[in-house]
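S.K.: Sharing a structure here in structure tokens format.
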Amino acid sequence: MTINANLYDVIIIYDFNLNKISVKRVTIYKTLSIKKEFINIREYNSNLKDLSNGKMEILLDKTVIEMKMIDGSTFTLLKFLENNDIELLNFDIKNSTNISYDLYDLKNI
């Protein structure tokens with residue numbers, strides 16, 4: 074799964090065979106894109122065999138993107154946006170998974 078934004082991408086790989094989740098961050102900012110600390114793939118062990126609901130949640134604000142993964146673990150990444158940037162998100166799923174989503178704009182609640 075890839076979360077595409079106008080200034081960054083987050084690539085999430087669920088490896089059901091090895092029970093691992095991998096997360097990679099990509100950015101258009103040249104100075105960040107060459108920093109090893111920024112572009113490292115973060116990988117951790119998980120239990121992807123017994124998923125109660127398989128639901129993923131994404132919480133987004135101006136400085137972070139927080140992802141509650143399908144196994145219930147939480148992963149947070151720092152973002153770098155300009156003050157007046159309008160953030161556009163697209164989701165790219167590589168298999169035939171059906172996706173449903175709810176969108177909440179906290180400014181309008």
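Mapped onto our numbering, the consecutive letters of the sequence shown carry residue numbers 74 to 182. Ideal placement from N, C-alpha and C gives every residue a C-beta, glycine not left out.
Which partner residues of T75 appear in the DSSP bridge assignment?
M.R.: I84 and D165
S.K.: Report the rounded CA-to-CA distance for V96 versus D175, giving the unit in angstroms.
M.R.: Within the model, the alpha-carbon separation for V96 versus D175 is close to 23 Å.
S.K.: To test your reading of the DSSP string, which unbroken alpha helix (DSSP H) runs of 4 or more residues are found completely within the stretch 87–127?
M.R.: 103–106 and 109–112
S.K.: Would you list the residues sitting across from E130 in a DSSP beta bridge?
M.R.: K141
S.K.: Roughly how many angstroms separate the alpha carbons of R115 and A78, rounded to a whole number?
M.R.: 19 Å
S.K.: Is D144 buried or exposed, if buried means 16 or more other CB atoms sit within 10 Å of its CB?
M.R.: It counts as buried.
S.K.: Quick one: using the 10 Å Cβ neighbour count with 16 as the cut-off for buried, is S119 buried or exposed?
M.R.: buried
S.K.: Run through DSSP, which three-state label would F153 get?
M.R.: coil
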